[in-house]
Structure formats: C-alpha cells, structure tokens
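Following: one structure in structure tokens, then a few remarks.
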Amino acid sequence: MKKDLSNIKKSKLYLDKNECVGIPTETVYGLAANAYSDRATEKIFKLKKRPKKNPLIVHYFSIRDLEKDCNINKNFIKLYKNFCPGPITFILKIKKESKISKNVNDNKSTLAVRFPKHPLTRRLLKFLNYPLAAPSANISSRVSAVSKMDVKEEFGNKVKFILDGGTSKFGLESTIVSLINKPQILRLGCIEVNKIRKALKNKISLKKKSKNFIVPGQGKVHYSPGIKVRLNVQNPKLHEAFILIKKRNFNGNNYFYLSKKNNLNEAGKNLYKTLRMIKKLKYKSIAVERIPNKGIGQTINDRLIRASKR
Ligand code: AMP
Ligand code: MG
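Heads up, the sequence shown is in this note's numbering, so the first residue is 429 and it goes up one at a time.
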C-alpha cells in the first residue's frame, strides 16, 4: 500500500537522525533505534528507564547482514531454517569488527539477534543500512505493547513516530536461545520448547537463572500491570478482576476471558491486552485462574508469575 511505503520512509527519516521509532513485530511492538549508533541506542535506555546492564535484541533483515556483526554456527542454521523470519532470538558471539554500539550489549562478547516476520518491519529493515536495536516498547518492568495505541500510552509524544502494523500476531515475546556453548533456552516465548528441541534433535536445556545479566524474572517484578496479581485462584474476591482461560456460561462484570474455547495461543495473544484493559478500568487487584502448564501455557505462566512478584 502507498501509505505503508510513505510511513516506512518516514520511519527511516527519524531513524537516520538517531531518533527512536515504535515498530510492529509479530511478537510485541519494539522501540527501535540504529544499533550502530551510540546516541540512538542511549535514547532507548532513557525512554524505557531500562538498566544499562539489560542488553537489547538487534533485529536484522538477512543472514548476510547478521554476518557483519556475529559468528554463526550449525545450530543457528538449523533453527533459522525452521523458524526464521519469526519469533525466536539467538545469542551469538559478536565479531571484533562489528559496529554494534557498546550500549546495546553492555560491551559483552555476545549479542542477542532476531529476524522479525512482520512485513512492514521487514520492509523497513531492508530499506536501512544498519540493523535495529529494539527492546519491547514499554517502560521497563511493565506490560509489553501489542498495538500502536499501547506504545502511545507508554511514551506519549516522547516517541517521535510509531509505524502502525495492527495488533501483534502472537502478543508475547520471542523465545531466546543461547547458541554460545550447548544450546539453552534463556526465556520461554512464542515458539514452544518441544519444537525447538525437535529442530535441534533433542539437544537443548532450559536455563533457570542467569548470573551475568538482569534477565527478567530473577525475583524482580516484570511484565507487571502495576497492580497486585494473584495466581491459581478459584474464587475471586469482591471487586477483584478475574481472568479466566475460557469463556463460561456464568458471567460477572469483573470476568475477563483470554480465549473462547481454551485455546492457549489465543490466550497468549490476549494476555497483555487484557492486563492493560483491567488496569485502565481502575481495578486494584487481579486474580487469575490456573492456566494449563503446557505449550504456550508455559510461557503465559512464566509471564504471570513475574507479573505477580512485588
Ligand atoms: P526485551 O527485548 O525487553 O523483551 O528483552 C530482551 C531480553 O534479551 C532481555 O531479557 C535480555 O536480558 C536478553 N538478552 C539480550 N542480550 C543478551 C545476551 N547477550 N545474552 C543473554 N541475554 C540477552
Ligand atoms: Mg521487555
């Protein structure tokens, strides 16, 4: 569409001037800036109020572009063939000659990289001559944004431009896989662990804690709607918002359904939207019924557990 092209051009204008731009991806919206620029990436941390020690994910159009900055390996190729472009992030060794700003990865020897699938963002990446550092477009520790409106709500006019690509398809963050030594999952996400295991032929473990980074969930609150969240609840308290996994016959004004028919993918897509809506309706507390801990349910539970920490 003509309008899409003019918005992509507009995004490029801002990004070329070291400004941050909101970008749509299939996972959640990103707050993007030129990954090669110190000035631009500095702005991401300021806007998000993000600790400098929490490194950013860099978004690429192609393997060819990635190879300017990182060393790839066999496991990377296997996973790339199966899932890219798509909602998976790889931790790779950064090359000495890479131009990635030291701000992006806190000057470490590794880099988190991803190939987003959203068509507008792919067109934008193809158009630029640098990759985009883009963490989720929300104030640090809060619920991620899944639409242009959400990004506006988080940053107001502080973000110069938001590329509107509709509502994010998955509504949950990417799965992060470290390929530095033995493959390891660092963060659960849109792609189920089993699928990754299959693609790698069984060679993967799940990492519980990271010593070197502030990975969300080390006891610290993350993905938080800013109000109290209680899990595995059967009966909500009076005046409490109640999140249910599927639609029921009984109904209360305070009942919020994540899916019509117990579909975990649909529930994942609706999770952040629902948390945001409940906050806007000025509820003081949220109760959530038990979510089955399988498939994407594992990712939903991971996010809810972190949202419930205080
Ligand atoms: P966000 O983009 O805000 O959803 O989060 C990005 C996640 O990637 C954070 O949890 C980071 O800790 C993680 N991450 C980024 N770079 C690295 C890296 N080099 N090694 C391990 N984890 C990383
Ligand atoms: Mg985030």
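Just so you know, even glycine gets a beta-carbon here, dropped at the ideal spot from N, CA and C.
Within 10 angstroms of its Cβ, does residue i collect 16 or more other Cβ (buried), or is it exposed?
i      : result
Arg492 : exposed
Asp730 : buried
Ser529 : buried
Asn755 : Nothing about residue 755 can be read from this structure; the chain reaches only from 429 to 738.
Leu553 : buried
Glu495 : exposed
Phe650 : Correcting the residue type first, residue 650 is His in the shown sequence and not Phe. With 16 or more Cβ atoms within 10 Å of its Cβ, His650 is classed as buried.
Leu732 : buried
Ser602 : buried
Phe678 : exposed
If you follow the alpha helix (DSSP H) that residue i is part of, which residue opens it and which one closes it?
i      : result
Thr727 : Ile724 to Ser736
Val621 : Val621 to Leu628
Thr469 : Asp466 to Lys476
Phe511 : Lys502 to Phe511
Lys521 : Looking at the DSSP string, Lys521 is not in any alpha helix (DSSP H); the run it does join, the beta strand (DSSP E), is Ile516 to Lys521.
Phe555 : Pro547 to Phe555
Phe583 : Lys576 to Phe583
Leu441 : Lys430 to Asp444
Ile671 : From DSSP, Ile671 is part of no alpha helix (DSSP H) but of the beta strand (DSSP E) over Ala669 to Leu672.
Ile491 : Ile491 to Leu494
Look at the alpha carbon of residue i and the alpha carbon of residue j, and state the distance between them as a whole number of angstroms.
i      : j      : result
Ile673 : Lys656 : 19 Å
Asp432 : Tyr464 : 25 Å
Pro720 : Asp578 : 28 Å
Asn566 : Phe670 : 24 Å
Arg718 : Leu659 : 7 Å
Asp444 : Lys610 : 38 Å
Gly584 : Arg478 : 17 Å
Phe555 : Val571 : 30 Å
Leu692 : Asn446 : 39 Å
Phe504 : Leu614 : 15 Å
Ser596 : Lys697 : 8 Å
Gln612 : Asn630 : 11 Å
Following the continuous beta strand (DSSP E) through residue i, name the residue where it begins and the one where it ends.
i      : result
Ala540 : Thr538 to Arg542
Arg658 : Lys656 to Arg658
Gly680 : No beta strand (DSSP E) contains Gly680, which DSSP labels as neither H nor E.
Asn462 : Gly458 to Asn462
Ala715 : Ser713 to Val716
Gly450 : Val449 to Ile451
Lys605 : The residue you asked about is not Lys; residue 605 is Val in the sequence shown. Per DSSP, Val605 belongs to the beta strand (DSSP E) from Thr603 to Ser606.
Ile706 : Premise fails: Ile706 lies in the alpha helix (DSSP H), Leu692 to Lys708, not in any beta strand (DSSP E).
Arg615 : Gln612 to Arg615
Ile485 : Ile485 to His487
With a CB to CB cut of under 7 Å and the five nearest residues on each side skipped, what residues in its chain are close to residue i?
i      : result
Arg625 : Ile632
Cutting at 6 Å between CB atoms, please list the residues of its own chain near residue i, excluding the five before and the five after it.
i      : result
Gly647 : The predicted position of Gly647 is uncertain, since its pLDDT is 46 and thus under 50; a value taken from the coordinates is nonetheless stated next. For Gly647, where only same-chain residues beyond five positions count, there are no Cβ hits under 6 Å.
His739 : Outside the shown range of the chain (429 to 738) lies residue 739, about which nothing can therefore be said.
Val449 : Ser439, Tyr442, Leu443, Ala460 and Phe589
Would you check if there are 3 or more beta carbon pairs closer than 8 Å linking the region 523-542 to the region 574-593?
no
Notebook entry, point to check: Do the region 485-502 and the region 614-629 make contact, defined as three or more Cβ pairs closer than 8 Å?
Noted result: no
With three or more beta-carbon pairs closer than 8 Å as the criterion, would you say the region 507-521 touches the region 529-542? yes
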